[in-house]
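Asker: Please see the structure below; I have some questions.
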Amino acid sequence: MDYDPQDIETRWRERWAESGRYEADPADAEATFITVPYPYPSGGMHIGHARTYTVPDVYARYRRLQGDNVLFPIAWHVTGTPIIGAVERLKKREQGQIETLQDAFGVTESEFSDLETPMGYARYFIEKGDASYKNGMRSLGLSIDWRREFTTNDDRYSKFITWQYESLRDRGLLQKGLHPVKYCTNENNPVTTHDLLEGEDAEFQEYTLIRFRHGERVVPMATLRPETVRGVTNAYINPNETYVYATVSQAGGDEDATATAGEGWLVSEDAVRKFQLQEREVEIQERFPGTEVVGETVTNPVTGEEVPVLPASFVDADNATGVVMSVPAHSPDDYVALQEAKADDERMREYGVDPADVETIKPVPILEIEGYGEIPARDAVETAGIDSTDDPELEDVTAELYQDEFHSGRLLDSYGEFAGEVISEVRDRFREHHTGEAFDRMHEFSEEVICRCGGEVEVAKQDTWFLDYGDEAWKAKARDAVGNLTCVPDNTREQYNHTIDWLDEWPCIRNYGLGTRLPWDDDFVIEPLSDSTIYMSYYTIAHLIDDVPVEELDRTFFDTLFHGAEAIENAEVVGVEEPREPDDRALELREEWEYWYPVDVRCSGNDLIQNHLTFFLFHHAELFDRSQWPEGITVMGMGLLEGESMSSSKGHVVLPGEAIEEFGADTVRFFLLNSAEPWQDYDWRGERVQNTRDQLERFWKRAVEVLEDDAPVEGNTAGEMSDEGPTVELTHIDRWLLSKLQTTVQETTAALEEFETRSASQAAFYKFEEQLKWYRRRADLDRPGAAWTLREVLRTRLRLLAPFIPFITNELHERLTGGPAEDAGWPESDPELASDRIEVREQLVEAVTEDIHDIVDVTGTDPEQIRLYVAPEWKREVFETVREVGTDVGAVMGTVMEEAHLREKGDVVNELVQDLVGFVRERDEAELAELAAVDEQSIYEDARAFLEREFDATVEVIRAADSDDETADDAIPFRPAIHLA
RNA sequence: GCGAGGGUAGCCGAGCCAGGCCAAAGGCGGCGGGCUUAAGACCCGCUCCCAUAGGGGUCCCUGGGUUCAAAUCCCAGCCCUCGCACCA
């Protein structure tokens, strides 16, 4: 009977589907609710996703075996733009998109037309294509209640989201305000990171604009280090670019912008659009080349000093305002640029700048910092040996000095009230202090950003609705929810708290995308992270709510459902003043919700702690009672494929379907769970998966041997295994294996309670294999007792392994007992079978076996006769003394020497005491007590047959006291002297 | 910088929270043997150094410390990985 996973797995899948095995409804048993993020079907399912969903499945299966009523549901997240973007790219037949679809996910050209609408595309990857999530999940044998599926684009789900956002608005947690967004200047639309060709890593940077003056005009210069304003020695402008003079006024409600109406600004032409996008009205008055300004002077708004404007081709007119200030004392860039300007008289003259004036420019230090001289930038540049602005190392040197100055630079006396303070402490206050007349601000990306359409992307400030995670009262509730939580692994707790601390305003709407419209403004759609914060509650009623007409799913309906009749009738729901009539249907559904909630465990990726998981806590803490707050979050690690990160677009993925076809679902599951704990990163390597497959095959073969060994065991034939205990005679070694089995049960259980799927499967599978190996060597297997023991061991292990490898274990368990493992209950460790005594005794046999092996190896002999000398009674007496007196050699000697018959043995006793003290130290009380009760002679005598087999020699066990052999003197308690001949 | 995690034998990787049974699980690779006409698969043994009697030496990033005892606890340092958002 060969191992044929395809055959076995197909049968069980069909059985589960037909019987609705994992459909869960409220019952008397304890409810356990396990959820995992609903997949986002913007592409197919790969092996990394497979693990994400298999980890909670193992836990779900474990809890079911423990007798819980377990709900493990799934749905589909389609909100937002990625699917729309994918469809657009497909329609344009973009090469990359076509390749991803065909190569990574096996979509055929004839199927393309099905994928050309967003929901068509989603449906394909939800359930149609070979790489669809549903196919993958069913193949893996996930124990999902499929009745509860929905998508986040469903009308009823949208009503649920509407309820949430109205509630949050009424609680004052949804606010309106301006926020920076990525905006494509070609399409005139906000864009998401997924829409970018370049600049995926770009960050929004808030620049301070230093409002230099040129006569009546303002010349704003952008900087990230406003405190260096007193160190400005000159400005740079690009002589080859176009600049403008424009009137600028503040528009909209941007409180940060301070430009007074109609003020005249001098900026690059490219900057105009940036300001317009950032809530300013800009009207160009005249255009002129940069050369026109070069050679002029501008006035520093803080110091009142006049500084020259020098020409510089390195100035990027498309970055910020196109005019930059130079702080050569603290910016290595500026320092080197100034050196170059000084060296290039001809160029200065060309632009009408007197080289003599340039020569007089001296770096002006504004701070002091340990480890650098008066002019830190000069030190940094000279140490690195940089003498050109083209030197690639200059960037690193600049970054390093900025870091150092930020964290340990202290402002000089010229800063008055700010003098002596560290930059990191003082920067914000200094900026605030000057904001208005001297400082303004603007946003800019940290690097160039290009849209997929080829258009340039700029920072735009847009009016938006945001979730106010900065609200202190809300933060406090969220922290409370963390306190309530079982975090796996435990060290993630701090990360949640940290995230709660720094989360601030979160813009929760977008201009376009799939999903739910903002209830009071149809132009906007609620973005994906914001519509998935409490959806787990929707699972509890998802299969029943279809019976309720959409239009009846109003505020009262969901308020009734989640807050109950009393709260509705008494107008206790925040934001609703009127007492209302509770909705009857909602009250029925409320029972479902109350049965399943709270979420027992949410399994999710560790990358989601910073947003989704913390949002999940925030929203539960606000919208639901404390008793419905999440009880646990288990966080999962990332996957690698052959040592490299998976990537659908590069085709570097393995599909579950392919892997299951090659290895079988049990192998795929076992590998994914066994190669690392859930929260650790794992690496899918084909070679190792094959290994796992081989191991399962071996397991299968051994199990079949046990099944087929129908040596007549009274009352224990197949189909009649029970918890009744042995009906045949068991020997010491049988009992030893059964005792080890109890430890295995305990370890596996403890590990699964902690979500340690790796430790659990290691204990139940690999570690126990080691015990079996010894048992097979040690035991006479042709006994009814051995057959019974092996069957009992198999029956228990099949149940322990059932959460991990459900197909093979159910199949074997059914063949063994008549029923599947998943219906047999989780094994409990039997105290009757767990025996320290037996294990301690067996350890002595293992030890002596190992010692004989050592001697044989070292000497290279092949003994024909082995003699074991058991330590004499007086040595046992000394052992007893050590046990009683403790591990203080002096004290033991004192006691021992009181005995005349020991005293006369002299030094030998001293040595023995030393040995025994070491021996006792390493063992605990219980073990020593068991040892004290041991009759060594009989133990080795009982193991004689085994030892003779093992070494192919005759074995004699002799009392050392009865022998003249000198070797016999070496015997110490629990370590017989060994003589080989 | 802030936050989190980590550095273990040729490689991968357990152990560390709860110090001793740790020359340190398991796997891979390597070596030897068995089975086989042969190869593969499978099975057995070995795989830090020394050693012809169960022994000794050195070892878990580096340097200190605590302890009878440290891979494990404490301190300092070096190096590495991940996240830092408005994106699923």
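What the first sequence shows, in my numbering, is residues -18 to 962, in sequence order.
Note that beta-carbon positions come from the ideal geometry of N, C-alpha and C, so glycine has one too.
According to DSSP, is Q83 helix, strand or coil?
Answerer: Of the three classes helix, strand and coil, the one that applies to Q83 here is helix, per DSSP.
Asker: Looking at C-beta atoms only, is the number of pairs between the stretch 53 to 64 and the stretch 498 to 509 that lie closer than 8 Å three or more?
Answerer: Cβ pair count under 8 Å is three or more, so yes.
Asker: Mind the definition here: the stretch 29 to 36 touches the stretch 593 to 611 only if three or more C-beta pairs lie below 8 Å; say whether that holds.
Answerer: Result no; under three Cβ-Cβ pairs closer than 8 Å.
Asker: If you count every other CB in all the chains shown that lies within 10 Å of the CB of Q78, and 16 or more means buried, which is it?
Answerer: When all chains shown are included, Q78 counts as buried.
Asker: Would you mind stating whether G494 and N167 have Cβ atoms separated by less than 8 Å?
Answerer: No, the Cβ-Cβ distance between G494 and N167 is not below 8 Å.
Asker: Restricting to runs no shorter than 3 residues, where is the beta strand (DSSP E) found entirely within the stretch 922 to 956?
Answerer: If we require 3 residues or more, the beta strand (DSSP E) runs fully inside the stretch 922 to 956 come out as 935 to 940.
Asker: With a CB to CB cut of under 8 Å and the five nearest residues on each side skipped, what residues in its chain are close to M702?
Answerer: Unreliable positioning characterises M702 in this predicted model, as indicated by a pLDDT of 49, which lies under 50. The coordinate reading is nonetheless provided below. Answer for M702: R772, E773, R776, L797, T798, listed in chain order.
Asker: Who are the Cβ neighbours of F736 in its own chain at under 7 Å, not counting the five residues just before and after it?
Answerer: Hits under 7 Å: Y40, V469, T615, P659.
Asker: Does A914 pass the burial test, meaning 16 or more other C-beta atoms within 10 Å, or should it be called exposed?
Answerer: So A914 counts as exposed.
Asker: When the Cβ atoms of the stretch 930 to 942 are set against those of the stretch 840 to 859, are three or more pairs found closer than 8 Å?
Answerer: Counting Cβ pairs under 8 Å, three or more are found: they touch.
Asker: Answer with buried or exposed for A384, where buried requires no fewer than 16 other C-beta atoms within 10 angstroms of its C-beta.
Answerer: In the sequence as presented, Ala is not what sits at residue 384; that position holds Gln. It is exposed - the Cβ of Q384 has fewer than 16 other Cβ atoms within 10 Å.
Asker: Excluding the 5 residues preceding and the 5 following I819 in the sequence, name in chain order all residues of the same chain whose CB lies nearer than 8 Å to its CB.
Answerer: Taken in chain order, the residues that qualify are H713, R716, W717, S720.
Asker: Would you say T13 and V68 are within 8 Å of each other, going by their C-beta atoms?
Answerer: Cβ atoms of T13 and V68: not closer than 8 Å.
Asker: For the alpha helix (DSSP H) containing V36, name the first residue and the last one.
Answerer: From DSSP, the alpha helix (DSSP H) with V36 extends over 28 to 46.
Asker: Among the candidates R491, T730, L594, L247, whose CA atom is the shortest distance from the CA of Y516?
Answerer: Minimum Cα distance to Y516 is reached at L594.
Asker: With a cut-off of 8 Å on the beta carbons, I'd call A962 and A949 a contact; round off their distance for me.
Answerer: Going by Cβ atoms, the distance from A962 to A949 rounds to 14 Å, so no, they are not a contact pair.
Asker: Once DSSP output is grouped into helix, strand and coil, what is the label at W127?
Answerer: Of the three classes helix, strand and coil, the one that applies to W127 here is helix, per DSSP.
Asker: Does the beta-carbon distance from V296 to Y188 come in below 8 Å?
Answerer: The answer is no: Cβ separation not under 8 Å.
Asker: Counting only the same chain and skipping the five closest in sequence on each side, list residues whose C-beta sits under 7 Å from that of V687.
Answerer: Once the five neighbours on either side are set aside, the close Cβ partners of V687 are L771, R772, L775.
Asker: Going by CA-CA distance only, name the one from E398, L382, E402 that's closest to R391.
Answerer: The candidate whose alpha carbon is nearest that of R391 is E402.
Asker: With DSSP as the reference, label G970 as helix, strand or coil.
Answerer: The requested residue 970 is not part of the displayed model; the chain covers only -18 to 962.
Asker: For A552, count the other beta carbons within 10 Å of its own beta carbon; 16 or more makes it buried, fewer makes it exposed. Which is it?
Answerer: A552 comes out exposed.
Asker: Our contact map puts P282 next to I191 with C-beta atoms below 8 Å; I'd like the distance itself, whole angstroms only.
Answerer: So it is a contact: roughly 7 Å between Cβ atoms.
Asker: Kindly list the residues whose CB is nearer than 8 Å to the CB of G624, restricted to its own chain and excluding five residues on each side of it in sequence; keep chain order.
Answerer: For G624, where only same-chain residues beyond five positions count, the Cβ hits under 8 Å are D664, R666.
Asker: Could you work out which residue in D299, A293, P560 is closest to S307 when comparing CA atoms only?
Answerer: Ranking the options by Cα distance to S307, first place goes to A293.
Asker: When burial is assigned at 16 or more other CB atoms within 10 Å of the CB, is H834 buried or exposed?
Answerer: Burial call: exposed.
Asker: List in chain order: all unbroken alpha helix (DSSP H) runs of 4+ residues lying wholly within the stretch 786 to 819.
Answerer: With a minimum length of 4 residues, the continuous alpha helix (DSSP H) runs that stay inside the stretch 786 to 819 are 787 to 798.
Asker: Nearest-angstrom Cα distance between L534 and D528?
Answerer: Roughly 11 Å separates the two Cα atoms.
Asker: On a Cα-Cα basis, can you pick out the residue from Q83, D151, T98, W57 that is closest to E108?
Answerer: When only C-alpha atoms are compared, the closest one is W57.
Asker: Do I342 and N219 come within 8 Å of each other at the CB atom, strictly closer than that value?
Answerer: In this structure, I342 does not lie closer than 8 Å to N219 by Cβ.
Asker: Judging by CA-CA distance, which residue of A112, G586, R536, E827 is the nearest neighbour of E558?
Answerer: Comparing Cα-Cα distances from E558 to each of A112, G586, R536, E827, the minimum goes to R536.
Asker: Suppose contacts are defined by Cβ-Cβ distances below 8 Å. Is R780 in contact with L46 by that definition?
Answerer: Yes, the Cβ-Cβ distance between R780 and L46 is below 8 Å.
Asker: In the DSSP output, which residue or residues are listed as bridge partners for V199?
Answerer: In DSSP, V199 forms a bridge with R194, W246.
Asker: DSSP three-state label for D832, please.
Answerer: In the structure shown, D832 sits in a helix (DSSP, three-state: H, G or I).
Asker: Beta-carbon separation of L155 and L484 under 8 Å?
Answerer: For L155 and L484, no; Cβs fall outside 8 Å.
Asker: Three-state secondary structure (DSSP) at Q231?
Answerer: Strand at Q231.
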